[in-house]
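**Student:** Take 144 as the starting number for the sequence shown in the working numbering and just add one per residue.
Where is the CB? At the ideal position from N, CA and C, for every residue including glycine.
Quick one: the structure is below, questions incoming.
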Amino acid sequence: MSDHSKVHDLVARYPYMFEVEELAVYAGWIDPIQALCEEIHAQLEAGAWTFHFLQIKEKFGACRIYFSLGLRPTEPGTDVARQNLAHLKEHIGHRVEAAELECSSRCIVCGLGATPQRHGAEVAPPLCQQHEWSQGQPNPREIAPIPIPGPAGSLAGGSAAQHKQVPSSRNPGFTSDSEVELTRATMVREGLLIEPERLARSWGESVEALAQACKRKELFLLRVGGRDFYPAVFASLSKDEVHRINLELRGDDDAGKLIFWYRTHGGVRGQNLSQALRRGMVDRVLELALAWSEERGLVAIRSPKS
Ligand SMILES: [Zn+2]
C-alpha cells in the first residue's frame with residue numbers, strides 16, 4: 144500500500160479524528176500514527192467523548208501532536224464525567240507522547256531508525272543514510288509530508304460510512320457569517336490560519352512567490368499579532384483552484400473572504416468550499432465566488448487581465 148493510500152485509509156477509518164483540514168504527516172510517521180489512532184479509537188469506544196487532532200507537525204526536528212478531547216455536548220457534565228475525562232486525557236496524553244518519541248526517532252522518508260540532525264543552531268528531523276539530504280537534491284523535509292485529506296475527501300471514497308463517527312463539539316464549517324466568532328488568534332491556535340512558510344512548503348514554492356500571488360489577488364493573507372498568515376485550507380487544495388477562486392473574490396475584505404472560504408454554502412449542498420472542491424465542484428464554487436462579489440457590488444472592478 145502506498146503512503147498516500149495508507150493516509151487515506153486512516154482518515155476513512157477514523158474520520159472524526161481528522162476534522163482539521165491542514166494536517167500533514169511525514170511518510171516515516173504513518174505507522175506509529177496509525178497505531179496511535181487505533182488505540183485512541185479503542186479508548187473512546189465506550190465513552191461519551193469527542194476527539195480530534197489539532198496539529199501534527201515537526202518542531203525542532205521532533206514530532207509534535209496536539210489534540211482536542213472533550214465531553215460530547217449531549218452528555219451531562221457531571222463530576223464523575225469530568226473526572227473520567229481528566230483520566231482519559233492523561234492516558235491519551237501519555238500515548239501521544241510515546242508516539243511523538245517514536246516518530247522522532249524514525250527517518251521521515253522511510254521510517255527506519257534515525258536521530259534528529261543538528262545543523263548549527265537548527266535541528267532537522269531524522270533522515271537515514273539513504274535519504275540523507277545532499278546538495279542539489281530536493282529537501283526531504285519538503286517532499287516527505289503527506290497531506291491528510293480530511294474527512295470529506297475520504298467520505299467520497301465511500302468506506303467511512305461503515306465506521307462509527309464520534310460527533311464533535313467543533314463545527315467543521317460555519318453556517319453563517321455571524322457564527323464566525325473565532326478571533327484570528329484562536330484561528331491561528333486552532334490551525335485554521337498558517338504561517339507563509341507552511342503554505343509555501345505544501346505548494347512547493349517560495350514565500351516570495353506567495354507574496355507575488357497576493358499582489359495579483361490570487362491569494363490573500365491576514366495579519367495576526369503583526370505577522371502574516373494564510374488560510375490553512377489553501378494548503379490542502381490545488382494552488383491553481385485556490386488562485387482561480389480568489390480571483391473571483393473581488394475587493395479587499397480579506398476577513399470576509401476568509402469567512403467565505405470556511406463557512407458552508409447551500410449552493411454546494413451545505414458543504415464548505417474545500418469539501419466541495421474535493422468533490423470536483425470547482426465550477427459551482429467559482430459561481431459562488433462570483434455571486435459573493437456581485438452581492439457586494441464589486442464585479443465592476445474586474446481587471447481586464449483576469
Ligand atoms: Zn530513510
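1) Could you spell out the range, first to last residue, of the alpha helix (DSSP H) harbouring Ser417?
2) Residue range of the beta strand (DSSP E) that Ser211 falls in?
3) Could you check the C-alpha separation between Leu153 and Tyr159 for me, to the nearest Å?
4) What do you reckon, are the CB atoms on Cys271 and Cys246 nearer than 7 Å?
5) Whole angstroms are fine: how far does the CA of Val442 sit from the CA of Tyr157?
6) Based on Cα-Cα distance, which residue from Val428, Gly213, Leu365 lies nearest to Leu392?
7) For Pro268, which residues does DSSP report across the bridge?
8) The beta strand (DSSP E) spanning Arg344 covers which residue range?
9) Val411 and Glu384 look like a contact to me (Cβ under 8 Å); what is the Cβ gap, rounded to whole Å?
10) Consider the C-beta atom of Val252 and the heavy atoms of ligand 1; say whether any pair is separated by less than 6 Å.
11) Our contact map puts Ala458 next to Arg284 with C-beta atoms below 8 Å; I'd like the distance itself, whole angstroms only.
12) Taking 6 Å as the limit between beta carbons, can you name the residues of its chain near Glu348, skipping five residues before and five after?
13) Go to Val168, then tell me how far its beta strand (DSSP E) extends in each direction, as first and last residue.
14) Taking 7 Å as the cut-off, decide whether the C-beta atoms of Tyr209 and Leu228 are in contact.
15) Could you tell me which of His386, Val376, Lys382, Phe203 sits nearest to Ile402, measuring between CA atoms?
16) Are Val252 and Ala287 touching if we call contact CB-CB under 7 Å?
17) What is the DSSP secondary structure of Gly231, reduced to helix, strand or coil?
**Tutor:** With the structure as the only source:
1) That run of the alpha helix (DSSP H) goes 416 to 421.
2) That run of the beta strand (DSSP E) goes 205 to 214.
3) Approximately 11 Å between the Cα atoms of the pair.
4) Contact flag unset, no.
5) Distance between the alpha carbons of Tyr157 and Val442: 42 Å.
6) For Leu392, the closest of Val428, Gly213, Leu365 by C-alpha to C-alpha distance is Val428.
7) Looking at the DSSP output, Pro268 sits in no beta bridge, so it has no partner there.
8) Run containing Arg344: none in the beta strand (DSSP E); it sits in the alpha helix (DSSP H), 339 to 346.
9) In this structure Val411 is not in contact with Glu384, their Cβ atoms being roughly 14 Å apart against a cut-off of 8 Å.
10) Yes, since a heavy atom of ligand 1 falls inside the 6 Å radius drawn around the Cβ of Val252.
11) There is no way to answer for residue 458, as the model of the chain reaches only from 144 to 449.
12) Contacts found: none.
13) According to the DSSP assignment, Val168 belongs to the beta strand (DSSP E) that extends over 167 to 169.
14) The answer is no: Cβ separation not under 7 Å.
15) Cα-wise, what sits closest to Ile402 is Val376.
16) Yes, the Cβ-Cβ distance between Val252 and Ala287 is below 7 Å.
17) Looking at the sequence provided, one finds Leu at residue 231 rather than Gly. In the structure shown, Leu231 sits in a helix (DSSP, three-state: H, G or I).
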